[in-house]
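The opening residue of the sequence shown carries number 515 in the working numbering; numbering runs sequentially from there.
A quick write-up on the structure given underneath.
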Amino acid sequence: MKKINLRDYYPFYAKDIVVEVSEEIALLLREYELLEEAYRIRTYRYKAFYSLDYAGGIERDMAALDQKNPCDLVEQLYDREQLYKALASLPEKQRNRIYAHYFLGMSKSAIARAEGINESNVRKSIEHGLSNLQKVLEEIF
């Protein structure tokens, strides 16, 4: 067992409070201290101090980019709804493979391994699925 001072970890403590913790917890707390210090040094070195109070702060610029017109949001929701409807109209295998590749970010080889088939079959299935999806979406729009 190792003794630690809680005041070192909780600055709002007014007086020292010493407790015993296991070695495992003590190592985790030490690792936390090292990571915090590395972060502080990195922000100091690269002058990565940004504040919303600062007139040229990047947070404010990014917040302005995130603001979207309500009409655009409604249009995005409509487009997404139509995309999901079009995906639902595809055969199950094509739909699942397209979803796994584009939505879940799986590679075509990973999909092939998971299904126990050739990667070329997955590639062709996705290509045909995208072709069918394009036809369905052209009818809608």
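We treat Cβ as the ideally placed atom computed from N, Cα and C, and that holds for glycine.
Can you tell me where the beta strand (DSSP E) holding residue i begins and where it ends?
| i | result |
| --- | --- |
| isoleucine 518 | 516 to 519 |
When you measure from the CB of residue i to every non-hydrogen atom of the ligand COA, does any distance come out below 7 Å?
| i | result |
| --- | --- |
| arginine 521 | Among the ligands in the structure shown, none appear at all, so the ligand COA cannot be discussed. |
Residue i to residue j, Cα distance in whole Å?
| i | j | result |
| --- | --- | --- |
| lysine 607 | tyrosine 524 | 54 Å |
| tyrosine 527 | valine 533 | 14 Å |
| arginine 559 | glutamine 648 | 50 Å |
| arginine 609 | asparagine 519 | 57 Å |
| lysine 622 | tyrosine 546 | 39 Å |
| isoleucine 539 | alanine 614 | 40 Å |
| asparagine 583 | lysine 599 | 25 Å |
Of the residues the options, which one's Cα is nearest the Cα of residue i?
| i | options | result |
| --- | --- | --- |
| leucine 601 | Tyr616, Gln590, Ala540, Leu587 | Tyr616 |
| serine 645 | Ala614, Leu618, Ser603, Ser623 | Ser603 |
| leucine 651 | Ser536, Asp530, Tyr592, Ile555 | Tyr592 |
| arginine 611 | Ile640, Asn635, Leu597 | Ile640 |
| methionine 515 | Ser536, Lys561, Asp522 | Ser536 |
Name the two residues that bound the continuous alpha helix (DSSP H) containing residue i.
| i | result |
| --- | --- |
| glycine 643 | 633 to 654 |
| alanine 600 | 584 to 602 |
| tyrosine 546 | 537 to 559 |
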